[in-house]
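Okay, so here's the structure we're looking at.
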Amino acid sequence: MKKTCSSLNLGITHSLLFYMAVLVIMPQKAPLYPIVIWLGMIILSGLIVHNYWNKKSSNQLIVRLRKNYKKTQGAALLSALLFLLTCISFKVINYINTIIPSALVFMTALCIIYTISSHIQSFDNKEKNIVIKVKLGIKYSWLIVSLISYYLARSLISNIFDIPFDTTLNKLMTAVSALLFIFIFYYTIYFICISYLILMAPKIKKRKATPSDDISYSMSVFAPLFFIGYISYIAFSIQTFSIIKFGFGFAMEYDTRDTFFCNNKYMWLSEYSKARFMFIAEGNYRALIPHRDDFTISRLTCTNSEPFYLLVTVQDKKDFMLEALEKQAEMLTSDLKTAISLNVR
Numbered sequence: 016m017k018k019t020c021s022s023l024n025l026g027i028t029h030s031l032l033f034y035m036a037v038l039v040i041m042p043q044k045a046p047l048y049p050i051v052i053w054l055g056m057i058i059l060s061g062l063i064v065h066n067y068w069n070k071k072s073s074n075q076l077i078v079r080l081r082k083n084y085k086k087t088q089g090a091a092l093l094s095a096l097l098f099l100l101t102c103i104s105f106k107v108i109n110y111i112n113t114i115i116p117s118a119l120v121f122m123t124a125l126c127i128i129y130t131i132s133s134h135i136q137s138f139d140n141k142e143k144n145i146v147i148k149v150k151l152g153i154k155y156s157w158l159i160v161s162l163i164s165y166y167l168a169r170s171l172i173s174n175i176f177d178i179p180f181d182t183t184l185n186k187l188m189t190a191v192s193a194l195l196f197i198f199i200f201y202y203t204i205y206f207i208c209i210s211y212l213i214l215m216a217p218k219i220k221k222r223k224a225t226p227s228d229d230i231s232y233s234m235s236v237f238a239p240l241f242f243i244g245y246i247s248y249i250a251f252s253i254q255t256f257s258i259i260k261f262g263f264g265f266a267m268e269y270d271t272r273d274t275f276f277c278n279n280k281y282m283w284l285s286e287y288s289k290a291r292f293m294f295i296a297e298g299n300y301r302a303l304i305p306h307r308d309d310f311t312i313s314r315l316t317c318t319n320s321e322p323f324y325l326l327v328t329v330q331d332k333k334d335f336m337l338e339a340l341e342k343q344a345e346m347l348t349s350d351l352k353t354a355i356s357l358n359v360r
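The opening position of the sequence shown corresponds to residue 16 in our numbering, with each subsequent residue numbered one higher.
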């Protein structure tokens, strides 16, 4: 007889891996941290007891899986393990080379793709019609998503820096923004594909004892992929600012310089020694001035009189409204102080 596969053992393993991943990602000072620890311990204990009870039961159903199904389950388990290692590597990224977490992210992504590909091939026909359609879908979706993301990125950079749309063509910041949009698009597509494959799964598997075995197989394959995506979403939401800051900080080094050219000589802002300057046109720059954990953007225009440049902060309608509210608040405070001082007299 062929070796059987216990979906419950896989469930315990996956639960343990994702439980550890959540503990690694979640800040220890978070209010929910103790609750997550105790809840995870209770769930894992329940699964272990349930597994032990099933082993003692004489009426346990033995489910034989075809080789390709076992291969898909193994790939899903490896994806979960690599994801845990990725979470740990990012936790200790200050003490290791950045190549390690980058390589783990790449390996995890490849393993997820292999898991999905293995599942699709397990129910495809001999002519590989479904695989061919999937390849065409990936090809055209990549083209469409890339074009839309690139256009959105150029529009975003043009709006943020208040620069002409044409000048965004050769900016590395545009490429970084486009990659961010591509990630968001494909992240959404990822969840849609998993949901679609889950709905298809009960219709395509054969040689199973009961319909519940279809559910067990689907859970052992798609639950890990779903939790990888969901936990990644939580981590990305927490670290969004840090990721954007790192990406734009890297691009800024190539799109800007630390001096600007006005009055036939190179100059810099003495009051903002760490400011960076983006060349737009002759005598026209954008000054990126660090401000706390962010930076402010100003239009820098060369002039013929000292200090030979004019610095104007880039503003939108929201900024004007906030300034108006601040002025009204200052006027109200001043009037109240005047009224109080008159009453005291």
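All residues carry an ideal CB built from backbone N, CA and C; glycine is no exception.
CA nearest to the CA of residue i, picked from the options
{"i": "Thr28", "options": "Gly55, Met41, Val51 and Ile40", "result": "Gly55"}
{"i": "Thr183", "options": "Ile175, Asn174 and Arg169", "result": "Arg169"}
{"i": "Gly152", "options": "Phe176, Ile204 and Ala90", "result": "Ile204"}
{"i": "Tyr84", "options": "Ala45, Ile135 and Leu158", "result": "Ile135"}
{"i": "Leu100", "options": "Gly89, Ile131, Val51 and Ala36", "result": "Ala36"}
{"i": "Ser288", "options": "Asn299, Thr274 and Asn278", "result": "Thr274"}
{"i": "Asp308", "options": "Phe263, Asn278 and Thr318", "result": "Phe263"}
{"i": "Ala124", "options": "Trp157, Lys143, Ala90 and Lys150", "result": "Ala90"}
{"i": "Lys260", "options": "Ser285, Ala118, Ile131 and Leu195", "result": "Leu195"}
{"i": "Cys208", "options": "Leu158, Asn279, Lys143 and Ile131", "result": "Ile131"}
{"i": "Tyr129", "options": "Leu92, Asn278 and Leu162", "result": "Leu92"}
{"i": "Ser133", "options": "Ile50, Lys86 and Ala290", "result": "Lys86"}
Whole-Å CB distance - residue i paired with residue j, under 8 Å assumed
{"i": "Arg301", "j": "Ile178", "result": "7 Å"}
{"i": "Pro116", "j": "Phe105", "result": "5 Å"}
{"i": "Met188", "j": "Ile199", "result": "No, Met188 and Ile199 are not in contact; Cβ-Cβ is about 17 Å, not under 8 Å."}
{"i": "Ile127", "j": "Ile243", "result": "7 Å"}
{"i": "Thr311", "j": "Tyr324", "result": "Rounded, the Cβ-Cβ distance is 16 Å, inconsistent with contact."}
{"i": "Tyr201", "j": "Val160", "result": "7 Å"}
For residue i, the first and last residue of its enclosing alpha helix (DSSP H)
{"i": "Val329", "result": "Here Val329 belongs to no alpha helix (DSSP H), and DSSP marks it neither H nor E."}
{"i": "Asp270", "result": "Thr255 to Asp270"}
{"i": "Leu171", "result": "Asn144 to Phe176"}
{"i": "Met122", "result": "Ile114 to Phe138"}
Cα-Cα separation between residue i and residue j, rounded to whole angstroms
{"i": "Asn174", "j": "Met215", "result": "43 Å"}
{"i": "Met122", "j": "Asn109", "result": "21 Å"}
{"i": "Ser349", "j": "His306", "result": "29 Å"}
{"i": "Ile249", "j": "Ile103", "result": "15 Å"}
{"i": "Val329", "j": "Met267", "result": "18 Å"}
{"i": "Ile213", "j": "Phe33", "result": "20 Å"}
{"i": "Ser233", "j": "Tyr48", "result": "30 Å"}
{"i": "Leu59", "j": "Ser30", "result": "7 Å"}
{"i": "Ser94", "j": "Val39", "result": "17 Å"}
{"i": "Gly61", "j": "Gln88", "result": "23 Å"}
{"i": "Phe276", "j": "Ile145", "result": "59 Å"}
{"i": "Lys342", "j": "Ile355", "result": "20 Å"}
{"i": "Gln254", "j": "Ser247", "result": "10 Å"}
{"i": "Glu345", "j": "Tyr155", "result": "56 Å"}
{"i": "Ala193", "j": "Leu167", "result": "7 Å"}
{"i": "Leu340", "j": "Ser313", "result": "22 Å"}
{"i": "Pro217", "j": "Ser210", "result": "Note on Pro217: pLDDT 48, under 50, position unreliable in the model; no value is reported."}
{"i": "Ser137", "j": "Phe237", "result": "15 Å"}
{"i": "Val64", "j": "Ser252", "result": "35 Å"}
{"i": "Ile294", "j": "Val107", "result": "Strictly speaking, residue 294 in this sequence is Phe, with Ile absent from that position. If you take the alpha carbons of Phe294 and Val107, they lie about 38 Å apart."}
{"i": "Pro12", "j": "Ala296", "result": "Outside the displayed span of the chain (16 to 360) sits residue 12, for which this structure offers no information."}
{"i": "Ile57", "j": "Phe206", "result": "29 Å"}
{"i": "Gln75", "j": "Ser231", "result": "Bear in mind that a pLDDT of 47 at Gln75, under 50, signals an unreliable position, so the number given afterwards is only what the model happens to contain. Roughly 14 Å between the two C-alpha positions."}
{"i": "Asn319", "j": "Gly298", "result": "11 Å"}
{"i": "Asp181", "j": "Asn112", "result": "38 Å"}
{"i": "Val78", "j": "Ile197", "result": "For Val78, the predicted structure reports a pLDDT of 49, less than 50, and the residue's modelled location is therefore unreliable. A value from the coordinates is still provided. Each residue's alpha carbon lies about 41 Å from the other."}
{"i": "Leu326", "j": "Met282", "result": "13 Å"}
{"i": "Trp157", "j": "Lys143", "result": "21 Å"}
{"i": "Leu284", "j": "Phe292", "result": "10 Å"}
{"i": "Ala118", "j": "Ile52", "result": "29 Å"}
{"i": "Phe241", "j": "Leu337", "result": "42 Å"}
{"i": "Asn279", "j": "Met41", "result": "54 Å"}
{"i": "Glu286", "j": "Lys332", "result": "27 Å"}
{"i": "Leu351", "j": "Ile50", "result": "49 Å"}
{"i": "Phe265", "j": "Leu96", "result": "30 Å"}
Residue environment, residue i, which counts as buried when at least 16 other CB atoms sit within 10 Å
{"i": "Lys186", "result": "buried"}
{"i": "Ile147", "result": "exposed"}
{"i": "Thr353", "result": "exposed"}
{"i": "Met191", "result": "This sequence places Val at residue 191; Met is not what is there. Buried."}
{"i": "Asp270", "result": "buried"}
{"i": "Pro239", "result": "buried"}
{"i": "Gln43", "result": "exposed"}
{"i": "Tyr165", "result": "buried"}
{"i": "Phe176", "result": "buried"}
{"i": "Ile304", "result": "buried"}
{"i": "Pro114", "result": "The identity of residue 114 in the sequence shown is Ile, whereas the question assumes Pro. Exposed, by the Cβ-count rule."}
{"i": "Ser235", "result": "buried"}
{"i": "Ala45", "result": "exposed"}
{"i": "Leu347", "result": "exposed"}
Closer than 9 Å to chain B by CB, residue i
{"i": "Ala238", "result": "Of the chains in the structure shown, none is chain B; there is only one protein chain."}
Enclosing beta strand (DSSP E) for residue i [first to last residue]
{"i": "Ala296", "result": "Arg291 to Ala296"}
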